[in-house]
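Please read the structure below before turning to the comments.
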Amino acid sequence: MHGPIPQNLPVCPNGLRGQPGPVRQLCRVLNRSRRVDIRSFRQALDLKKCQSHFFVSINGTWDRSMAVKKHKYEFGGPPGAFGIVFGLPVLLWTFFFVCNDKSGCPAPSTLSPRTLSLEKLKAEIPWPADGIWGFCSWEVFGWTLAYYFLSLVLHVVLPAQEVLGTKLRESGRPLKYRFNAFSATVLQLAALAVGTYLKGADFVVWTYISDNYLQLLTANIIIGYLLSVYCYVCSFSVKPGNTENRELAVGGNTGSLIYDFYIGRELNPRVTLPLFGEIDIKTWFEFRPGLTGWIILNLAFCAKQYRNYGYLSDSIIFTTAVQAYYVLEGQYYEVGVLTMMDIITDGMGFMLSFGDIAWVPFLYSTQTRYLSIYPVHLGWTGIASVFAVFATGLYIFRSSNTQKKLFRTQPDHPSVKGMPFIQTKRGTKLLTGGWWGMSRHINYFGDWLQASPFSAPTAIAGYIILPAGSAVSGAITMLDGREVVQGAARGWGMLFTYFYVLYFAILLIHREGRDDVACSEKYGEDWEKYKKTVKWRILPGVY
Numbered sequence: 002m003h004g005p006i007p008q009n010l011p012v013c014p015n016g017l018r019g020q021p022g023p024v025r026q027l028c029r030v031l032n033r034s035r036r037v038d039i040r041s042f043r044q045a046l047d048l049k050k051c052q053s054h055f056f057v058s059i060n061g062t063w064d065r066s067m068a069v070k071k072h073k074y075e076f077g078g079p080p081g082a083f084g085i086v087f088g089l090p091v092l093l094w095t096f097f098f099v100c101n102d103k104s105g106c107p108a109p110s111t112l113s114p115r116t117l118s119l120e121k122l123k124a125e126i127p128w129p130a131d132g133i134w135g136f137c138s139w140e141v142f143g144w145t146l147a148y149y150f151l152s153l154v155l156h157v158v159l160p161a162q163e164v165l166g167t168k169l170r171e172s173g174r175p176l177k178y179r180f181n182a183f184s185a186t187v188l189q190l191a192a193l194a195v196g197t198y199l200k201g202a203d204f205v206v207w208t209y210i211s212d213n214y215l216q217l218l219t220a221n222i223i224i225g226y227l228l229s230v231y232c233y234v235c236s237f238s239v240k241p242g243n244t245e246n247r248e249l250a251v252g253g254n255t256g257s258l259i260y261d262f263y264i265g266r267e268l269n270p271r272v273t274l275p276l277f278g279e280i281d282i283k284t285w286f287e288f289r290p291g292l293t294g295w296i297i298l299n300l301a302f303c304a305k306q307y308r309n310y311g312y313l314s315d316s317i318i319f320t321t322a323v324q325a326y327y328v329l330e331g332q333y334y335e336v337g338v339l340t341m342m343d344i345i346t347d348g349m350g351f352m353l354s355f356g357d358i359a360w361v362p363f364l365y366s367t368q369t370r371y372l373s374i375y376p377v378h379l380g381w382t383g384i385a386s387v388f389a390v391f392a393t394g395l396y397i398f399r400s401s402n403t404q405k406k407l408f409r410t411q412p413d414h415p416s417v418k419g420m421p422f423i424q425t426k427r428g429t430k431l432l433t434g435g436w437w438g439m440s441r442h443i444n445y446f447g448d449w450l451q452a453s454p455f456s457a458p459t460a461i462a463g464y465i466i467l468p469a470g471s472a473v474s475g476a477i478t479m480l481d482g483r484e485v486v487q488g489a490a491r492g493w494g495m496l497f498t499y500f501y502v503l504y505f506a507i508l509l510i511h512r513e514g515r516d517d518v519a520c521s522e523k524y525g526e527d528w529e530k531y532k533k534t535v536k537w538r539i540l541p542g543v544y
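Each residue of the sequence shown is one higher than the one before, starting from 2 at the first, in this note's numbering.
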């Protein structure tokens, strides 16, 4: 059976280099002749491996164009990627300078934009004496690398759970992963506990972090850039046909340098290090230095509050505790990362590199950094209220994910047996009962709900730091005599302490949209039927 090839069919417009093996074979066939035997075409195409590159109808005739599938940009395409790559580090520096421990949160001069000047602002913020060169320090950079080295050593020497991941798109073979982030973090926290027991709030780790916060932030930003460049350059060594169990991410191979650099070209980059063996870069960075560092930063700010006031407020204790639980629970169930979009879909680029080691630990610890200067006292009623919100969100998040897992792996389990579902043409089932009958991503709502109490303990945030002896009514006095009041800053500090809650909501909404597109392509008409059955996206009755 034969079918004519349209005149406007693009035949490998970007050349054969870098294309999957079946695509290169198909291109050679198309370049030799304008007529092709459909049986040979199917063998050359290998639809299962090349479904994202070409399309052909079941009866052997060409579809509308048989053209290479057009890339779908996310995050605003190349312009959006450019803004994120160069804008987010500036945002983190801005958070540090404007919400500070020198003059206030926000800096007082920012409350009067008409009289604001650069010199006045620099006088109110912890701007380095040597200017921008003071953002970084070789000493701090070295200690940051030492922390990474310790994390790497613990990854290798501690007992670990070794599991196989999902099958790769091209080879159909899974990669092997090693998980022990939970035990590694517990061991590091135990060592820090011993140091704190011996030295108290003046333990060198705590003072070093608070004294060199800007340089630590910059060091991790630089490492994020270097890691992104390394992964991007190495991605061009991926051989067609997946001969080394390496492949490119579908969404990160668009040909746009800045976009691919941001999204990530290679799906599962690995590196073999002397003495350490093979390290999966993505999963190691996903759950180790950044998340553990988040807890360590929070503890450093607890120590700072104690040095400032001689006590720990219930708000900072609660915030540190629930955030530590959030991290440790995720690390305890670390194997679950193998089903996340970050691992199975996204490449390793700036989005994950910077996000894992700079954005997450330094942005997400903003609340404890704020509370170290302006302690909020919630009382038992306040603590019970925010804990109830946290517990509710945690229950929704954990029970919905458990329900989905049981439905997939143990369909005869009493808790899921008999639940309604949609049988797809792919052979899989889409659950439409229980939690998953309420919304398509009820777990996202639970995740957001359990994260909202991270910010709530800061209350109506904002403060101004006054010199010792100001004797202002209602001021909180530090041990060094400085006084802290809310004054005109009241409410404006929420731009910093509640930014996480807003950002996380936007992140989850955006991720739901990405999931919807991916599932629509995966399930086709079955997904449309599913959306008619389960109408709400995340929050039932609202969105």
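No residue lacks a Cβ here, since even glycine has one placed at the ideal position from N, Cα and C.
query, result
"Secondary structure at D281, three-state DSSP: helix, strand or coil?", "strand"
"Let me know the secondary structure DSSP gives G77 once reduced to three states.", "coil"
"Excluding sequence positions up to five away, which residues of its chain have a Cβ less than 8 Å from the Cβ of E529?", "S521"
"Label D481 either buried or exposed according to how many other C-beta atoms from any shown protein chain fall within 10 Å of its C-beta, with 16 as the threshold for buried.", "exposed"
"Contact between the stretch 312-330 and the stretch 374-389: three or more CB pairs below 8 Å?", "yes"
"Just to confirm before moving on: does the CB-CB distance between Y263 and F351 stay below 7 Å?", "yes"
"In angstroms, rounded to a whole number, what distance separates the CA positions of A472 and V485?", "10 Å"
"Who are L249's beta bridge partners in DSSP?", "E267"
"Which residues mark the beginning and the end of the alpha helix (DSSP H) in which G331 is found?", "315-333"
"Could you say which of T425, N444, F355, M420 lies nearest to T548 if we only look at CA atoms?", "Nothing in the structure corresponds to residue 548, since the chain is present only between 2 and 544."
"Just the Cα atoms here: how many angstroms apart are Y371 and V502?", "15 Å"
"By the 10 Å Cβ neighbour count, where 16 or more other Cβ atoms means buried, how is K536 classified, buried or exposed?", "exposed"
"On the three-state DSSP scale, how would you describe G482?", "coil"
"Would the beta-carbon of K536 be found less than 6 Å away from any heavy atom of the ligand FAD?", "Inclusion of the ligand FAD in the displayed structure is not the case, the ligand content being empty and no account of it being possible."
"Are the CB atoms of G492 and I461 within a distance shorter than 7 Å?", "yes"
"Which term fits F363, buried or exposed, when burial requires 16 or more other beta carbons within 10 angstroms of its beta carbon?", "buried"
"If you draw a straight line from the C-alpha of A82 to the C-alpha of E75, how long is it?", "9 Å"
"Could you say which of V206, G488, R266, Q324 lies nearest to V239 if we only look at CA atoms?", "R266"
"Using C-beta distances below 7 Å, list every residue in its chain close to R170, excluding the 5 sequence neighbours before and after it, in chain order.", "E248"
"Classify F150 as buried or exposed, calling it buried when 16 or more other Cβ atoms lie within 10 Å of its own Cβ.", "exposed"
"Which residue wins for smallest C-alpha separation from A250, given the options Y531, N269, K430?", "N269"
"Per DSSP, which residues does P175 bridge with? Please list them.", "K168"
"Taking the beta strand (DSSP E) that Y464 falls in, what are its first and last residues?", "464-467"
"According to DSSP, simplified to helix, strand and coil, what is T534?", "helix"
"Just to confirm, is the Cβ distance from S104 to E125 under 7 Å?", "yes"
"Are the stretch 436-455 and the stretch 392-405 touching, with three or more C-beta to C-beta distances below 8 Å?", "yes"
"Considering only residues of the same chain and omitting the five flanking positions on each side of I384, which have a CB-CB separation below 8 Å?", "D315, F319"
"Applying the 10 Å Cβ sphere with the 16-neighbour rule, what's the burial state of V234?", "exposed"
"Should the stretch 124-139 be called in touch with the stretch 210-219, which here means at least 3 C-beta pairs below 8 Å?", "yes"
"On the CB-based measure, 16 or more other CB atoms within 10 Å of its CB, does M495 come out buried or exposed?", "buried"
"Mapping DSSP to helix, strand and coil, what is Q368?", "helix"
"Quick check on the DSSP output: the alpha helix (DSSP H) that includes L292 runs from which residue to which?", "290-310"
"Comparing C-alpha positions only, which one of P412, P160, Y148, L258 sits nearest to N221?", "Y148"
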